[in-house]
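Remarks on the structure that follows.
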Amino acid sequence: MTDDATRTLGKGSIPPGPVPEGIIRLYSMRFCPYAHRTRLVLRAKGIRHEVININLRNKPEWYFTKHPFGQIPVLENSKCQLIYESVIACEYLDDAYPGRKLYPYDPYERARQKMLLELFYKVPHLTKECLVALRCGRDCADLKLALRQEFCNLEEAYILFLSDFDKFNYWSSDLWILALH
Numbered sequence: 662m663t664d665d666a667t668r669t670l671g672k673g674s675i676p677p678g679p680v681p682e683g684i685i686r687l688y689s690m691r692f693c694p695y696a697h698r699t700r701l702v703l704r705a706k707g708i709r710h711e712v713i714n715i716n717l718r719n720k721p722e723w724y725f726t727k728h729p730f731g732q733i734p735v736l737e738n739s740k741c742q743l744i745y746e747s748v749i750a751c752e753y754l755d756d757a758y759p760g761r762k763l764y765p766y767d768p769y770e771r772a773r774q775k776m777l778l779e780l781f782y783k784v785p786h787l788t789k790e791c792l793v794a795l796r797c798g799r800d801c802a803d804l805k806l807a808l809r810q811e812f813c814n815l816e817e818a819y820i821l822f823l824s825d826f827d828k829f830n831y832w833s834s835d836l837w838i839l840a841l842h
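When you line the sequence shown up against the numbering used here, it's residues 662 to 842, in that order.
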């Protein structure tokens, strides 16, 4: 497994070579919460990987062959297979690689954990939008209100989640570790 202190590639850069056998490549960006989610799964499962950071403000031309819209994260394996969208990439890693499972085997428990995680997905986007608005000197009162509402929704859902905690075997997987990050 490699260190995440890697090179950053931007416009005009040469594409990296083929992915070595036994390694999976993650195209990422250091501060992206969606890419960070994928990094957490790679580490939690002990998957050998390399990280190539993409300059999102100055994307390499070749990167659009990895993701049609130039977004991150993207996984690439030695067979040149590409997987993108962070939730899909994380599920792929959990299914495709041996070792401890991050999602429970029981379909109901798995669905309940996914429902809880679904509530978290709006928070990073709203946070980013709010920070961008502040940086550009725009009013973000509506965004702050929406973010507060999402945190209230999370709190309510989490209280329900904890009230049912003893009924289900949430410790059957390590997904709760990801939810806390």
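Glycine included, C-beta positions come from ideal geometry on N, C-alpha and C.
In this structure, Lys720 and Gly731 form a Cβ contact; the two beta carbons are roughly 5 Å apart against a cut-off of 8 Å. Sixteen is the threshold: when 16 or more other Cβ atoms of the shown chains lie within 10 Å of the Cβ of Val735, as they do, the residue is buried.
Here Met690 has Ala696, Asn714, Ile715, Leu717, Ile733 as same chain residues with Cβ atoms under 7 Å from its own Cβ, once five neighbours each way along the sequence are excluded.
Runs of the alpha helix (DSSP H) spanning 4 or more residues and lying entirely within the region 701-787 occur at 747-757, 768-781, in chain order. Taking all protein chains shown into account, Tyr745 has 16 or more neighbouring C-beta atoms within 10 Å of its C-beta and is therefore buried. For Ser689, the enclosing beta strand (DSSP E) covers residues 685-689. For Thr699, the three-state secondary structure derived from DSSP is helix.
C-alpha of His710 to C-alpha of Thr699: approximately 11 Å in a straight line. Leu670 is bridged by DSSP to Ile715. Taking a contact as a CB-CB distance under 8 Å, the pair Ile684 and Tyr758 does not count as one, their CB atoms being some 12 Å apart.
By the neighbour-count criterion, in which 16 or more other beta carbons inside 10 Å mark a residue as buried, Phe692 falls on the exposed side. Nearest in C-alpha terms to Val702, of all of Lys805, Pro681, Val748, Arg799, is Val748. Cys751 and Asn814 have their C-alpha atoms some 24 Å from each other.
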